[in-house]
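Chemist:
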Amino acid sequence: EKEATGIHTKGPAGRPKAYVAFDTQCRDCWHAHKVLEAFTDRIEIIYCPISFMNIHSEPQATTILISKDPEAALAEHFKHYTDVDFPGIRYPAVETLPVDVRDKVWTNTKLHRRAGCRAVPYGVFKNSKGEYVPFDERLTAEELEKLFELK
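Using my numbering, you'd call the opening residue of the sequence shown number 11 and step up by one each time.
1) In whole angstroms, what is the alpha-carbon distance linking Ala48 and Asn64?
2) Closer than 8 Å by C-beta to Trp116: which residues in its own chain qualify, once you throw out the five before and the five after it? Chain order, please.
3) Mind checking who Val134 pairs with in its DSSP beta bridge?
4) Would Thr73 pass as a contact of Tyr91 if the rule is Cβ separation under 8 Å?
5) Note down the Cα distance separating Gly98 from His18, rounded to an integer number of angstroms.
6) At the level of alpha carbons, what is the spacing between Gly21 and Glu54?
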């Protein structure tokens, strides 16, 4: 929670938080984002990009993080995820991306690995007891609603 860098969803203040490690090149992450969008008015979702799938992951993540509106950039990325020629947003030459932000993506990646994760997306929700409850893309909206203590 303290070391990760993420994209916070806009919404009412004081919402419970869920953290999601995702890769910009991951189809399951794209699907999870679509499902999680329905909860952003009640749950603050912090998307923590990692570099896991291929060489495009880190520069795309960095491009999203340096955007003036990272949440809008993430939505734009996933809007173009199914483009035939290239999944997601295009990014500038890697050497032009700020190293300090690229390092943040790698810190997220290290945190993901240290937690023993072997796949993306991987999320944790901080429940009302202060416990971190794990979840992934396989949960339905109904199951997430229960996990997020909304039911």
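Cβ atoms here follow ideal geometry from the backbone N, Cα and C, with glycine treated the same way.
Note that this is a predicted model, so its numbers are computed, not measured.
Modeler: In terms of the structure at hand:
1) Cα to Cα, the separation comes out at about 28 Å.
2) Cβ neighbours of Trp116 within its own chain (closer than 8 Å, five residues either side excluded): Ser61, Glu68.
3) The partner list for Val134 (beta bridge, DSSP) reads Tyr29, Pro144.
4) Taking 8 Å as the Cβ cut-off, Thr73 and Tyr91 do not qualify as a contacting pair.
5) Their Cα atoms are separated by approximately 19 Å.
6) Straight-line Cα distance between these residues: approximately 7 Å.
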